[in-house]
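Asks: Counting in this note's numbering, the sequence shown runs from 34 upward without gaps. Backbone N, C-alpha and C define an ideal beta-carbon position, used for all residues, glycine too. Following this message is one structure expressed as structure tokens.
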Amino acid sequence: MNLPDQILLSDLLHHRVRCDQGLDHGPGVMPWMHPPVHRLLGWVSRPSALRVSRDVWRLDQSRGINEQEVFVKGQPAVSDQITLERLPTLLDADLLDRDGERLGLVADFVFIPTTGKILHYLVSRSDPRLPGSSRWRLTTDRIVDQQPGMVSTALRGLDDLPLVHSSVRQGLIKRSRHWRDQLHKMGDRASDRLEGWLEDPPWEEPVQRSWKSSDMAEMDPLEGWDDQQTDNFSQSTEELRRRRRPDGRGDGQDDPWV
Numbered sequence: 034m035n036l037p038d039q040i041l042l043s044d045l046l047h048h049r050v051r052c053d054q055g056l057d058h059g060p061g062v063m064p065w066m067h068p069p070v071h072r073l074l075g076w077v078s079r080p081s082a083l084r085v086s087r088d089v090w091r092l093d094q095s096r097g098i099n100e101q102e103v104f105v106k107g108q109p110a111v112s113d114q115i116t117l118e119r120l121p122t123l124l125d126a127d128l129l130d131r132d133g134e135r136l137g138l139v140a141d142f143v144f145i146p147t148t149g150k151i152l153h154y155l156v157s158r159s160d161p162r163l164p165g166s167s168r169w170r171l172t173t174d175r176i177v178d179q180q181p182g183m184v185s186t187a188l189r190g191l192d193d194l195p196l197v198h199s200s201v202r203q204g205l206i207k208r209s210r211h212w213r214d215q216l217h218k219m220g221d222r223a224s225d226r227l228e229g230w231l232e233d234p235p236w237e238e239p240v241q242r243s244w245k246s247s248d249m250a251e252m253d254p255l256e257g258w259d260d261q262q263t264d265n266f267s268q269s270t271e272e273l274r275r276r277r278r279p280d281g282r283g284d285g286q287d288d289p290w291v
């Protein structure tokens, strides 16, 4: 049974403490940390609900952990709750943005069990005890200043932090933003296709020639006729007249108008 590479503080506090003598020292109740260097030194357990004393364990006393218990070696230091509440901590501290406005509070953190180094904090917008509340990851390099009960950052909002755990409400907001972006993309693609159809029609437009009066003046319908064609036209006209005369020279039988 070994310790994991990293563990969530709330998971550690949910385990009961059992020493190498087999005694149950109760569940964890609070961390023992050193905020200036973001390090966990140990944690506190409550051996009995009827006693006001608390057992304080160093982190290097832990030897292993399973689904329900964390195993320690050695004896704890005994203290009381009033003294332990004076220990510095960043848990439940207000998280402030660049303008000093409250964004949420520090609800939890992830640390390395072998060294106690805190990798990152988890921020909650509302009460972290509410089930299903969202969590945002706050790394130590994003912290500008820290004081008892207050953590200052240069953030503009919680959206500047990566979302670790999404609540039902936050999940709906995230999905609605995704759907809205998809609709915008579909609308943009449809607009691009319509503009392409209007700019490049699939049919060929007929070439229209603008006629000018000068062109009509230059065109002569009798141009190209020779004298022989003119004589033939005159002979045909004269023959038609003779056929239509009433003097008998033309009987009119071949005339279609008789």
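List, from N- to C-terminal side, the beta strand (DSSP E) runs of 3 residues or more that fit wholly inside the region 77 to 126.
Replies: With a minimum length of 3 residues, the continuous beta strand (DSSP E) runs that stay inside the region 77 to 126 are 86 to 91, 95 to 98, 102 to 105, 110 to 113.
Asks: For Arg162, name the three-state secondary structure that DSSP assigns.
Replies: Three-state DSSP puts Arg162 in coil, outside helix and strand.
Asks: Less than 8 Å between the C-beta atoms of Val111 and Asp88, yes or no?
Replies: A contact, by the Cβ cut-off of 8 Å.
Asks: Which residues share a DSSP beta bridge with Ser43?
Replies: Answer is none; Ser43 lacks a bridge partner.
Asks: Since I believe Leu36 is in contact with Gly97 (beta carbons under 8 Å), could you give me their beta-carbon distance rounded to a whole number of angstroms?
Replies: Between Leu36 and Gly97 the Cβ distance is about 6 Å, and since that is below 8 Å, they are a contact.
Asks: Can you tell me whether Thr147 is buried or exposed, with buried defined as 16 or more other CB within 10 angstroms of its CB?
Replies: Flag for Thr147 reads exposed.
Asks: Using the beta-carbon count (16 or more within 10 Å), is Pro195 buried or exposed?
Replies: Pro195 is exposed by the Cβ-count criterion.
Asks: Counting only the same chain and skipping the five closest in sequence on each side, list residues whose C-beta sits under 8 Å from that of Leu191.
Replies: Same-chain partners within the cutoff: Leu136, Gly137, Val156, Arg158, Trp169.
Asks: Could you tell me if Asp141 is buried or exposed, where buried requires 16 or more neighbouring beta carbons within 10 angstroms of its beta carbon?
Replies: Looking at its Cβ environment, which holds 16 or more other Cβ atoms inside 10 Å, Asp141 is buried.
Asks: For Gly182, which residues in the same chain have their Cβ closer than 7 Å to its Cβ, ignoring the five residues on either side in sequence?
Replies: Counting only Cβ-Cβ distances below 7 Å, and skipping sequence neighbours, we find Ala126, Asp127.
Asks: Opposite Leu155 in the DSSP bridges: which residues?
Replies: Looking at the DSSP assignment, Leu155 forms a beta bridge with Asp141, Arg170.
Asks: What is the residue span of the beta strand (DSSP E) that Arg189 lies within?
Replies: Note, Arg189: premise wrong, no beta strand (DSSP E); not H, not E.
Asks: Return helix, strand or coil for Pro181, following the three-state DSSP convention.
Replies: Correct three-state label for Pro181: coil.
Asks: Please work out which residues of its chain come closer than 8 Å, Cβ to Cβ, to Gln39, disregarding the five sequence neighbours upstream and downstream, and give them in chain order.
Replies: Excluding sequence neighbours, Gln39 sits near Val143, Phe144, Ile145, Pro146, Leu152.
Asks: May I ask you to list the residues that DSSP assigns as paired with Arg72?
Replies: Answer is His67, Lys150, bridged to Arg72.
Asks: Mapping DSSP to helix, strand and coil, what is Arg175?
Replies: Helix at Arg175.
Asks: Measuring alpha carbon to alpha carbon, tell me which residue in Gln94, His48, Pro121 is nearest Arg72.
Replies: Nearest option by C-alpha distance: Pro121.
Asks: Going by C-alpha distance, which of Leu56, Arg49, Pro68 is nearest Tyr154?
Replies: Cα-wise, what sits closest to Tyr154 is Pro68.
Asks: By DSSP, does Arg222 sit in helix, in strand, or in coil?
Replies: Helix at Arg222.
Asks: Just verifying my parser: in three-state terms, what is the DSSP assignment at Leu128?
Replies: Strand, per DSSP.
Asks: So for Gly204, helix, strand or coil by DSSP?
Replies: Low confidence applies here, because Gly204 scores a pLDDT of 48, under 50, leaving its location unreliable and the question unanswered by this model.
Asks: Would Thr186 and Val197 be called neighbours here (beta carbons separated by less than 8 Å)?
Replies: No; because the gap between Cβ atoms is not below 8 Å, this pair is not in contact.
Asks: In or out: Ser86 buried (at least 16 other Cβ within 10 Å) or exposed?
Replies: The residue in question, Ser86, is exposed, as its Cβ has fewer than 16 Cβ neighbours within 10 Å.
Asks: Can the beta-carbon of Gly107 be found less than 8 Å from the beta-carbon of Pro80?
Replies: Contact: no.
Asks: From the DSSP secondary-structure annotation, give me the bridge partner or partners of Val50.
Replies: DSSP lists Val103 as partners of Val50.
Asks: What's the gap between the Cα of Gly61 and the Cα of Arg222?
Replies: Taking the straight line joining both Cα atoms gives about 56 Å.
Asks: I think Phe104 touches Arg51, with their Cβ atoms under 8 Å apart; what is that distance to the nearest whole Å?
Replies: Right, their Cβ atoms sit about 6 Å apart.
Asks: Mark Met63 as exposed unless 16 or more other C-beta atoms lie within 10 angstroms of its C-beta, in which case mark it buried.
Replies: Result: buried.
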